[in-house]
Amino acid sequence: MTQISDAIDAAWLSRPADAVAPDLVGCQLVRALPNGDLVRGLIVETEAYGPGDPACHAYRRRTPRNAVMFGPAGMTYVYLIYGMYHCLNVVTDQDEVPSAVLIRALKFEEWPHCLDVQTKQPLHRIAAGPGKLCRVLDINREFSGIELKKGQPLWLEHRSVAFAEAVANAASPLTTGQTKADGTKPSQESSTSEQLVQTTRIGLTQGVDIPWRWYLKDCRAVSKL
DNA sequence: CTCACGATTGGA
DNA sequence: CCAATCGTGAGC
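For the first sequence, the working numbering begins at 1350 and goes up steadily by one.
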């Protein structure tokens, strides 16, 4: 059976940002270049921003810039930061609920040759940060407010079965001791065990105590360890 | 209309 | 530690 790409749809993203953010780690961000070439990067770090959150760009009110965050899930929200870098967000939750997930770092399996990457950094660091990943994938404000859908310049794909199982098998106080449907115990005998780490968000001056950052444990492509 | 500042990064 | 660099939006 052919495994066709499993694109993430708006319905899957129509949940609170802090529920979507951890689920997006391990998923793929796909960038379709103008010439048709595709570049895939594994999402290894995310942060959630939502209503009532002082760090959220939509905290005060709806403005021209943050308007898309108030819209339906499945859209992009890209903004300029410090006058020189861009950050990519995925709009989440129900329509009218201002929220989004910031994509903070990607891991590439191979050097993205179709991109003209001008850096002397090692492969695992070229997209280790929200500004860096937008720079390497050539994402700017022109890409804000577009639909994340196959055929568009950007879209998302679900975790591979192998990755999903690895996360499920990861040691966790909540899952240890449980028994799988087939009667076997989920255990560390499985190949790999990908674990998600949850911490507070980075670079903020407000909402610093909200633990809405998630990243793949021991991943060298994460922005900060 | 003005102006302080930011969900960053790289270099001193 | 600090500068780069400019769109945004809060305040007058």
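No residue lacks a Cβ here, since even glycine has one placed at the ideal position from N, Cα and C.
Small disclaimer: the values here were computed from a predicted structure and weren't measured.
Start-to-end residues for the beta strand (DSSP E) that takes in residue i
i, result
"residue 1369", "No beta strand (DSSP E) holds residue 1369; the alpha helix (DSSP H) holding it covers 1366-1373."
"residue 1563", "1562-1565"
"residue 1438", "1434-1440"
"residue 1449", "1449-1456"
"residue 1446", "Residue 1446 -> no beta strand (DSSP E), and no H or E assigned at all."
Residue i - DSSP class collapsed to helix/strand/coil
i, result
"residue 1462", "coil"
"residue 1530", "The predicted position of residue 1530 is uncertain, since its pLDDT is 45 and thus under 50; a value taken from the coordinates is nonetheless stated next. Reduced to three states, the DSSP call for residue 1530 is coil."
"residue 1590", "Here the chain covers residues 1350 to 1574 and nothing more, so residue 1590 does not appear."
"residue 1378", "strand"
"residue 1406", "coil"
"residue 1390", "strand"
"residue 1546", "strand"
"residue 1397", "strand"
"residue 1476", "coil"
"residue 1570", "coil"
Rounded straight-line distance, which links the Cα of residue j to that of residue i
i, j, result
"residue 1515", "residue 1572", "22 angstroms"
"residue 1379", "residue 1504", "5 angstroms"
"residue 1555", "residue 1398", "12 angstroms"
"residue 1549", "residue 1564", "11 angstroms"
"residue 1537", "residue 1393", "For residue 1537, the predicted model reports a pLDDT of 49, less than 50, meaning its position is unreliable; a value from the coordinates is still stated below. Each residue's Cα considered, the two are about 21 angstroms apart."
"residue 1455", "residue 1543", "15 angstroms"
"residue 1355", "residue 1553", "34 angstroms"
"residue 1501", "residue 1381", "7 angstroms"
"residue 1376", "residue 1560", "21 angstroms"
"residue 1422", "residue 1444", "7 angstroms"
"residue 1519", "residue 1497", "29 angstroms"
"residue 1493", "residue 1395", "18 angstroms"
"residue 1488", "residue 1479", "11 angstroms"
"residue 1574", "residue 1457", "18 angstroms"
Assigned exposure category for residue i - 16 Cβ within 10 Å defines buried
i, result
"residue 1463", "exposed"
"residue 1469", "exposed"
"residue 1557", "exposed"
"residue 1459", "exposed"
"residue 1442", "buried"
"residue 1426", "buried"
"residue 1481", "buried"
"residue 1366", "buried"
"residue 1567", "exposed"
Residue interval of the alpha helix (DSSP H) (run including residue i)
i, result
"residue 1484", "1479-1485"
"residue 1496", "Note, residue 1496: premise wrong, no alpha helix (DSSP H); not H, not E."
"residue 1491", "Unbroken run through residue 1491: none, as it is neither H nor E."
"residue 1516", "1510-1518"
Cβ separation of residue i and residue j, assumed to be a contact under 8 angstroms, to the nearest whole Å
i, j, result
"residue 1439", "residue 1373", "7 angstroms"
"residue 1434", "residue 1484", "7 angstroms"
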